[in-house]
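In the working numbering, the protein residues as written are 9 to 85. For each residue, glycine too, the CB sits at the ideal point set by N, CA and C. The structure displayed is predicted, hence computed values, not measured ones. What follows is a set of notes on a single structure, which appears directly below.
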Ligand SMILES: [Zn+2]
């Protein structure tokens, strides 16, 4: 799985990001509309963080729904 590092505005620190999975992309489209481009969205993998954003800029970012919040035990490493 490809990972990148970005400054996460929610965590307030540099974090690893991974691409959104299918369920996460669907959730973004529920909010942004069915034609919203979700192929280049990445989410922060820090425990309990819901931030996502396009690869290169924070402008199109936002927060995923609560159901995607990861417990700390799920995100070790
Ligand atoms: Zn974060």
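N- and C-terminal bounds of the alpha helix (DSSP H) containing residue i
{"i": "residue 32", "result": "30 to 40"}
Span of the beta strand (DSSP E) around residue i
{"i": "residue 27", "result": "21 to 27"}
{"i": "residue 56", "result": "Per DSSP, residue 56 belongs to no beta strand (DSSP E) and is neither H nor E."}
Where residue i sits in the DSSP three-state scheme
{"i": "residue 13", "result": "strand"}
Bridge-paired residues (DSSP) for residue i
{"i": "residue 62", "result": "49"}
{"i": "residue 71", "result": "59"}
Residues of its chain near residue i, where Cβ-Cβ distance is below 6 Å and the 5 sequence neighbours each way are ignored
{"i": "residue 33", "result": "46"}
{"i": "residue 27", "result": "50"}
Cβ-Cβ distance between residue i and residue j below 9 Å
{"i": "residue 35", "j": "residue 75", "result": "yes"}
Short CB-CB distance (under 9 Å) between residue i and chain D
{"i": "residue 67", "result": "The structure shown contains no chain D; it is built from a single protein chain."}
Same chain, Cβ closer than 7 Å to residue i, five either side skipped, listed in chain order
{"i": "residue 24", "result": "11, 13 and 53"}
Same chain, Cβ closer than 8 Å to residue i, five either side skipped, listed in chain order
{"i": "residue 22", "result": "13, 14, 15 and 16"}
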